[in-house]
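Here's the structure we're looking at; comments come further down.
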Amino acid sequence: MAYSSRSLYAAILPLAFLAAPVPASAQLVAFPGAEGFGRLATGGRGGQVVEVTTLSDAGPGSFRDAFAQYPGQPITIVFRVGGLIELRSALKPTRSNVTIAGQTAPGDGICLKNYSLKLHGTNLIVRYLRSRPGNLSGANVSGVYGLNMENCQNFIVDHCSFSWSIEETATFYDNKYSTVQWCVVSESLNSSFNGKGDHGYAGVWGGQYASYHHNLIAHHHSRAIRFNGARAHDTTAVVDYRNNVIYNWGNMYAAYGNEVVIPGGRGQLNLINNYYKGGPATPAAKAAVLFS
């Protein structure tokens, strides 16, 4: 049976909060079709263009090396090659004012493999990128994400696909003014090499003024999605979660969390018009109760 959060979870928060203040310095949206609280991210606008010309993990022309170019200036990363980039270690750049333009890659585009992509910074635009870490054969590891963004501000992630993680597939919290839109978050690897045990999780989503819309979250054992709520860094969590499709969650509820665990904190969650459909992995008892 399928459910819509329009009928199941009405008016948690008045729509008035959608008019929350945004940084006054930015007026132009990130790109046509950008919506939500992160729509005004500037990315690499007005800066330098950096070309990725090799699928190698490192070295001149690599995706990893692109983040080191033109220090202190905005950059737009474009791809002159398409295919798999087999990371040899986690890619964890700390860099602000960056656009990752995955749509510029020829052929079938760009896909990251083996390790996490973890981004830190302000004014980030990430589009048309795939990240599928997969199993690291024989490794006993944790913390391998498709994408992890924490302590960031003014960003938008658009038309990306994240799968086959052994931690959380895509996680976003402790951020301000963010959007994740038109993305696929699917097929986390539950019984894998994570040292914590079974860990087939979609992600933890939160933030201060965060929008999540038109995403597909499918085939996860748990955290599909877990809402971060109000914690040490997200003291005022304001999350708008709408028009998402959630399919085939496992032995946990389709969504849970949003606890306020810090004195004086405030967690506001708007669930609008989401579509929930159980699948072969969804126990009947978990399909009947969506939110815990």
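Counting in the numbering used here, the sequence shown runs from 2 upward without gaps.
Where a beta carbon is used, it is the ideal one built from N, C-alpha and C, also for glycine.
This one's a predicted model, so the numbers in the text were calculated from it and none came from an experiment.
| query | What's the gap between the Cα of F173 and the Cα of V240? | reply | 11 angstroms
| task | With distances taken Cα to Cα, identify the nearest neighbour of T123 among T180, H221 and E87. | result | T180
| request: Count the other CB atoms, across all protein chains shown, that sit within 10 Å of the CB of R81; report buried if there are 16 or more and exposed otherwise. | output: exposed
| Exposure of L29, with buried meaning 16 or more beta-carbon neighbours within 10 Å | exposed
| said: Taking only three categories from DSSP, how would you classify P281? | reply: coil
| query | Would S166 pass as a contact of V145 if the rule is Cβ separation under 9 angstroms? | reply | yes
| query | Can you tell me whether DSSP reads A211 as helix, strand or coil? | reply | strand
| query | Given H215, which residues of its chain have a CB within under 6 angstroms of its CB, disregarding the five upstream and five downstream residues? | reply | Q182, W183 and N244
| task | From the DSSP output, read off the bridge partner residues of G84. | result | I111
| message | Below 8 angstroms, is the gap between the Cβ of V186 and the nearest heavy atom of the ligand ZN? | response | Ligands are entirely absent from the displayed structure, and the ligand ZN is therefore not among its contents.
| said: Pull the bridge partners of M150 from the DSSP assignment, please. | reply: L120 and F173
| message | Which residue wins for smallest C-alpha separation from G297, given the options N271, P75, D235 and A282? | response | Because the chain spans 2 through 293 in this model, residue 297 falls outside it and cannot be assessed.
| task | Just confirm the distance between the C-beta atoms of S64 and V79, as a whole number of angstroms; I'd bet it's less than 8 angstroms. | result | Reading off the sequence, residue 64 comes out as Phe, not Ser. Actually they do not touch by this definition, with Cβ atoms about 11 angstroms apart.
| message | Taking 6 angstroms as the limit between beta carbons, can you name the residues of its chain near F163, skipping five residues before and five after? | response | S132, G147, L148, T170, A171 and V186
| query | What residue range is occupied by the uninterrupted alpha helix (DSSP H) comprising D235? | reply | Per DSSP, D235 belongs to no alpha helix (DSSP H) and is neither H nor E.
| task | Sort P107, N274 and G207 by Cα distance to Q237 and report the nearest one. | result | Sequence inspection shows Thr at residue 237; the Gln mentioned does not correspond to that position. When only C-alpha atoms are compared, the closest one is G207.
| request: To the nearest angstrom, report how far apart G232 and N275 are at their CA atoms. | output: Just to set this straight, residue 232 is Arg in the shown sequence, not Gly. Taking the straight line from one Cα to the other gives about 25 angstroms.
| task | Could you work out which residue in S223, Q209 and R227 is closest to Q269 when comparing CA atoms only? | result | Q209
| field | When Q154, Q70 and V246 are compared against R40, the one with the closest alpha-carbon | value | Q154
| query | Applying the criterion that 16 or more other CB atoms from any shown protein chain within 10 Å of the CB defines a buried residue, is G37 buried or exposed? | reply | buried
| task | Throw me the rounded Cβ distance for the H121 and T95 pair, which I believe falls under 8 angstroms. | result | 4 angstroms
| field | Residue from A286, F292 and K278 whose Cα sits closest to the Cα of L272 | value | F292
| field | Three-state secondary structure assigned by DSSP to R40 | value | coil
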